[in-house]
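Written out below as structure tokens is the structure these notes cover.
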Amino acid sequence: MEAVIDIAVEWVFVCKTDDIPQNGGGCVKVGDEQIALYNFSRRAEWYATQNLCPHKQQMVLSRGMIGSTGDTCEPKVACPFHKKTFSLLSGECLTGEEYQLKTYPVKVEGDRVYVGIE
1 MEAVIDIAVE WVFVCKTDDI PQNGGGCVKV GDEQIALYNF SRRAEWYATQ
51 NLCPHKQQMV LSRGMIGSTG DTCEPKVACP FHKKTFSLLS GECLTGEEYQ
101 LKTYPVKVEG DRVYVGIE
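Here the numbering used here is used: the first residue of the sequence shown is 1, the next is one more, and so on.
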């Protein structure tokens with residue numbers, strides 16, 4: 001029998017839906033963490049990652065360009081400075097390097113946006 005690990009997620013209200021531009025991003029702060037929040041309205045989806053680009057250690061990902069890539073149209077964000085691209089689903093670097101982003105679950109209830117913190 002396998003052990004089941006139940007990781008509790010705390011849902012933190014971070015902003016209103018109108019605070020983040022459509023098909024763009026913004027930065028919210030939860031505790032000491034800067035979180036990049038993306039309103040991918042073309043897909044009717046929201047995503048969240050760390051705001052720190054692991055390539056050059058700059059807090060810029062919330063200003064990155066979002067889009068889709070590959071046959072599966074995987075959602076991605078590109079760093080606005082050095083164009084490293086990362087999956088918004090897994091945080092994996094899509095340009096071949098070993099960089100990894102922390103991702104967060106997002107839920108929207110009415111006009112309120114919540115980020116899940118473990």
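C-beta atoms are modelled at their ideal positions from N, C-alpha and C, and glycine is treated no differently. In this text, all values refer to a predicted model and were calculated from it rather than measured experimentally.
C-alpha distance - residue i paired with residue j, whole-angstrom precision
i, j, result
"residue 66", "residue 16", "20 angstroms"
"residue 46", "residue 39", "5 angstroms"
"residue 117", "residue 7", "10 angstroms"
"residue 87", "residue 110", "26 angstroms"
"residue 30", "residue 64", "20 angstroms"
"residue 114", "residue 96", "31 angstroms"
"residue 105", "residue 32", "18 angstroms"
"residue 35", "residue 11", "14 angstroms"
"residue 91", "residue 100", "5 angstroms"
"residue 60", "residue 37", "12 angstroms"
"residue 28", "residue 18", "14 angstroms"
Selection from the options that minimises the alpha carbon distance to residue i
i, options, result
"residue 24", "79, 9, 13 and 57", "79"
"residue 81", "69, 100, 104 and 53", "53"
"residue 42", "98, 101, 68 and 48", "68"
"residue 93", "73, 55 and 72", "55"
"residue 103", "50, 14 and 9", "50"
Per-residue burial, residue i [other beta carbons within 10 Å of its own, 16 or more giving buried]
i, result
"residue 62", "buried"
"residue 21", "exposed"
"residue 85", "buried"
"residue 48", "buried"
"residue 89", "exposed"
"residue 107", "exposed"
"residue 57", "exposed"
"residue 76", "buried"
For residue i, the residue or residues it bridges with in DSSP
i, result
"residue 87", "76"
"residue 29", "34"
"residue 66", "77"
"residue 115", "12 and 106"
"residue 47", "38"
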